[in-house]
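S.K.: Provided herewith is a single structure, encoded as structure tokens, for subsequent inquiry.
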Amino acid sequence: MKLSEFVSSGDSRSLSCIDDRKFTIIGVERKDFDENKGIKIATSEDFDIEGEKVNKFHTTRQAIVGKFLNDAGAPTALYNAINQADASLKVKIFMKKSASGKDYFDLEQC
2 MKLSEFVSSG DSRSLSCIDD RKFTIIGVER KDFDENKGIK IATSEDFDIE
52 GEKVNKFHTT RQAIVGKFLN DAGAPTALYN AINQADASLK VKIFMKKSAS
102 GKDYFDLEQC
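In this note's numbering, the protein residues as written are 2 to 111.
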């Protein structure tokens, strides 16, 4: 059990709520948490999370955030492309192993 699974942040929920599910990203914004860079994504799908329809999710998972924000915290080309009119990206979250053998989460295009 993780505390982050039970704490919502405003109008979004933790991205971990939809691990292993496919979803379509239609918007991205910066959403830092404490000292960590983070993002909030909007999805075209509504997900039932504890009886509530949710389509905004936040995360500080480094591999995922790194696709949308560079090391300095500025938006990447992908961040800008998704936020253009009628742009979207269908993805799924999956667990990978780093070269050092540690597990981490990343996005895979569907």
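Idealized CB from N, CA, C, for every residue including glycine.
Should ILE26 and LEU90 be called a contact, given that it needs their Cβ atoms to be closer than 7 Å?
M.R.: Residue numbering aside, residue 26 sits at position 25 when the sequence shown is read from its first letter. Residue numbering aside, residue 90 sits at position 89 when the sequence shown is read from its first letter. It is a contact, given that the beta carbons lie within the stated cut-off.
S.K.: CA-CA distance, LYS103 and THR61?
M.R.: Translated into the one-based positions of the sequence shown, residue 103 becomes position 102. Translated into the one-based positions of the sequence shown, residue 61 becomes position 60. Going from the Cα of LYS103 to the Cα of THR61 covers about 17 Å.
S.K.: Enumerate, from N- to C-terminal direction, the unbroken alpha helix (DSSP H) stretches of 4 or more residues contained entirely within the region 26-73.
M.R.: 63-69
S.K.: Between the Cα of ASP72 and those of GLN85, LEU16, GLY39 and SER15, spot the shortest distance and give me the residue it belongs to.
M.R.: Taking the first residue of the sequence shown as position 1, residue 72 is located at position 71. With distances taken between Cα atoms, ASP72 lies closest to GLY39.
S.K.: How is the beta strand (DSSP E) around ILE83 delimited, first residue to last?
M.R.: Sequence index remark: in the sequence shown, residue 83 carries index 82 (1-based). No beta strand (DSSP E) contains ILE83, which is instead part of the alpha helix (DSSP H) from 78-83.
S.K.: Whole angstroms is fine: what's the gap from LYS41's alpha carbon to ALA100's?
M.R.: To locate residue 41, count along the sequence shown from 1; it is residue 40. To locate residue 100, count along the sequence shown from 1; it is residue 99. Those two C-alpha atoms are separated by around 28 Å.
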